[in-house]
Amino acid sequence: MRAPTVSELAETGYFAVETVVDKSAINTLIPRLKAAGAEDILELPITKIVP
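Structure representation (structure tokens):
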């Protein structure tokens, strides 16, 4: 969880980005991502972290 995972999708020019952020940042982060053009944003709870 030191850096986001960026995966190229089948359609040219599209990427999936996965990252973990502090819960307190979500309310400001999602609008900023949308304003930057992000689509299909998922917010999922973390139930366990195994280092």
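Going from the sequence shown to the numbering used here is simple: count from 1 and add 15. Each residue gets a CB set at the ideal place from its N, CA and C atoms; glycine is no exception. Only a predicted model underlies this, so the values are computations on that prediction, with no experimental measurement involved.
Bridge partners of Glu23 according to DSSP: Phe30.
Annotated three-state conformation of Arg17 is coil, per DSSP.
Note on geometry: alpha-carbon atoms of Glu23 and Ala50 lie some 21 Å from one another. Annotation: Asp37 to Ile61 spans about 11 Å, alpha carbon to alpha carbon.
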